[in-house]
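Below: the structure, in structure tokens.
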Amino acid sequence: MNSKKRTSIFSHLKRRDVKRFSIFMTIAFVFLIFSKLTNDYRQSIKLKIDLNDLAEEFVIKNDSLNSIDVLVEAKGIVLVPFIFKDYETIKVDANKDVYISTNAIVFDVQKNKFLIANQLGASYKILTMKPDSLVVPYSKRASKYVPLLLNETIKYAPGFDIKGTFEFNMDSVKIVGAEERIKDINALETQNLTLTNVNSNINETLGLVTIDGVEVFPNSVRVSAEVKRFTEGKIEVPVTLVNNSEDVMINYFPKTVSLSYYVDLESFNLVTASDFLVECDFSEIDEKQAFLEPKITKQPDFIKRISIKPKRIDFIKL
Numbered sequence: 002m003n004s005k006k007r008t009s010i011f012s013h014l015k016r017r018d019v020k021r022f023s024i025f026m027t028i029a030f031v032f033l034i035f036s037k038l039t040n041d042y043r044q045s046i047k048l049k050i051d052l053n054d055l056a057e058e059f060v061i062k063n064d065s066l067n068s069i070d071v072l073v074e075a076k077g078i079v080l081v082p083f084i085f086k087d088y089e090t091i092k093v094d095a096n097k098d099v100y101i102s103t104n105a106i107v108f109d110v111q112k113n114k115f116l117i118a119n120q121l122g123a124s125y126k127i128l129t130m131k132p133d134s135l136v137v138p139y140s141k142r143a144s145k146y147v148p149l150l151l152n153e154t155i156k157y158a159p160g161f162d163i164k165g166t167f168e169f170n171m172d173s174v175k176i177v178g179a180e181e182r183i184k185d186i187n188a189l190e191t192q193n194l195t196l197t198n199v200n201s202n203i204n205e206t207l208g209l210v211t212i213d214g215v216e217v218f219p220n221s222v223r224v225s226a227e228v229k230r231f232t233e234g235k236i237e238v239p240v241t242l243v244n245n246s247e248d249v250m251i252n253y254f255p256k257t258v259s260l261s262y263y264v265d266l267e268s269f270n271l272v273t274a275s276d277f278l279v280e281c282d283f284s285e286i287d288e289k290q291a292f293l294e295p296k297i298t299k300q301p302d303f304i305k306r307i308s309i310k311p312k313r314i315d316f317i318k319l
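Using the working numbering, you'd call the opening residue of the sequence shown number 2 and step up by one each time.
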């Protein structure tokens, strides 16, 4: 029994020694870290220059050039944040701290050492800075209005089609960007309008295709169209001969052609032969050709998908 008691006491003392050792090691580690963090270190850090109050007409071409490398001396605890971030931001007044040349914004790094040191704070001692001057190329912002182009993939229900044309709620949009970036942009496309089995009027909002470095105002438009029920119509129209020589008599046949067309039901009864003009241009044939090609040179705006028969008009010289 005494032996068991001695063993129990020994185990208890051993556990206490392990616990004391662990506490000692923890305290030693904390003091070690603390001593490291309070030591002075040299480290290269990146400073990104933020140009405040830069006029809207200026567009920075390459934002990656807008930074400087600084070798600093500071306590370890001060440098800890740079483990988690790549750079520190320095604010620069674009109206008084930089020089604007013809094609670049110039920031004299050495001349503005005090400005940089003041924003970094007293915890940092600046040793070196590179480059001596920061040259950031820019271009001037320009704007203009461009027309819209509709991208669409629309399938209409049987017997239906669009009457007239698609209409936007505005005839153009404003684009803003670097002058050399927008000078060759002559129109702006919409996102694709995809619809199926359409049998009623179209009224949709579409975004616009984005272009890198170009802002668009507004960035969406409304497109509308009138959809009607359509049917096929046919009509006989006389053929007119044009540009025939006065000293050559021509006889041609047939004297009329049949036109097939697609028209909305509301306009079906409004179509007459006088709405069309079919011509054969005698000046377009060669000497060995024995036929003329009829062409439709006039038709109502609301007519769609028109075709002509026959496609050849025979002729003889008298």
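We put the beta carbon where it would ideally sit given N, CA and C, even for glycine.
Please classify Asn170: is it buried, with 16 or more other beta-carbons within 10 angstroms of its beta-carbon, or exposed? exposed
CA-CA distance, Leu319 and Phe283? 15 angstroms
How many angstroms separate the CA atom of Asn96 from the CA atom of Ser225? Rounded to the nearest whole angstrom, the C-alpha separation of Asn96 and Ser225 is 48 angstroms.
Ser284 in three-state terms, based on DSSP: helix
Start and end residues, alpha helix (DSSP H) containing Val258: Val258 -> not in any alpha helix (DSSP H); beta strand (DSSP E) instead, spanning Thr257 to Asp265.
Pro295 classed as buried or exposed, judged by whether at least 16 other C-beta atoms fall within 10 angstroms: The residue in question, Pro295, is buried, as its Cβ has 16 or more Cβ neighbours within 10 Å.
Between Lys131 and Asp51, which are expected to be in contact by the criterion C-beta below 8 angstroms, what is the C-beta distance as a whole number of angstroms? With 8 angstroms as the limit, Lys131 and Asp51 do not qualify as a contact, their Cβ atoms being about 19 angstroms apart.
Is the Cβ-Cβ distance between Phe83 and Gln44 less than 8 angstroms? Cβ distance < 8 angstroms, so Phe83 and Gln44 count as in contact.
Per DSSP, which residues does Glu168 bridge with? Please list them. Ser225
Determine the direct distance from the alpha carbon of Ile186 to that of Val60, and round the result to whole angstroms. 18 angstroms
Where Lys6 falls, given that 16 or more other Cβ within 10 Å makes a residue buried: At Lys6, the pLDDT of 49 sits below 50, so the modelled position is not reliable and the matter cannot be decided from this model.
Can you give the Cα-Cα distance for Ser144 and Ile101, rounded to whole angstroms? Answer to the nearest angstrom: the Cα atoms are 21 angstroms apart.
Do Val243 and Glu280 have their C-beta atoms closer together than 8 angstroms? yes
Under a three-way DSSP split, which group does Leu14 fall into? Caution applies to Leu14, whose pLDDT of 48 falls short of 50 and renders its modelled position unreliable; the value that the coordinates give is listed next. The three-state secondary structure of Leu14, taken from DSSP, is helix.
Under the three-state DSSP convention, the category Asn63 falls into: coil
When you compare only the Cα positions, how much space is there between Asn315 and Glu237? Looking at the sequence itself, residue 315 is Asp, so the reference to Asn does not match. Going from the Cα of Asp315 to the Cα of Glu237 covers about 18 angstroms.
Scan the region 76-107 and note each continuous alpha helix (DSSP H) run of 4 residues or more that stays entirely inside, going in chain order. 77-80
Can Val81 and Tyr125 be called in contact, C-beta distance under 8 angstroms? no
Threshold first: 3 residues or longer. Then list the beta strand (DSSP E) segments lying entirely within the region 142-214, N to C. For the region 142-214, whole beta strand (DSSP E) runs of length 3 or above, ordered along the chain, are 153-157, 161-169, 173-179, 194-199 and 203-208.
Under DSSP, the alpha helix (DSSP H) around Gln120 begins and ends at which residues? Lys114 to Leu121
C-beta atoms of Asp265 and Lys299 nearer than 8 angstroms: no
Grouping DSSP H, G and I as helix and E and B as strand, with all else coil, what is Ser124? coil
Taking 8 angstroms as the cut-off, decide whether the C-beta atoms of Leu278 and Ile309 are in contact. For Leu278 and Ile309, no; Cβs fall outside 8 angstroms.
At the level of alpha carbons, what is the spacing between Asn202 and Arg306? 20 angstroms
Taking all protein chains shown into account, decide if Thr191 is buried (16 or more other Cβ within 10 angstroms of its Cβ) or exposed. buried
Using a Cβ-Cβ cut-off of 6 angstroms (strictly less than) and excluding sequence neighbours within five positions of Lys312, which residues of its own chain qualify? none
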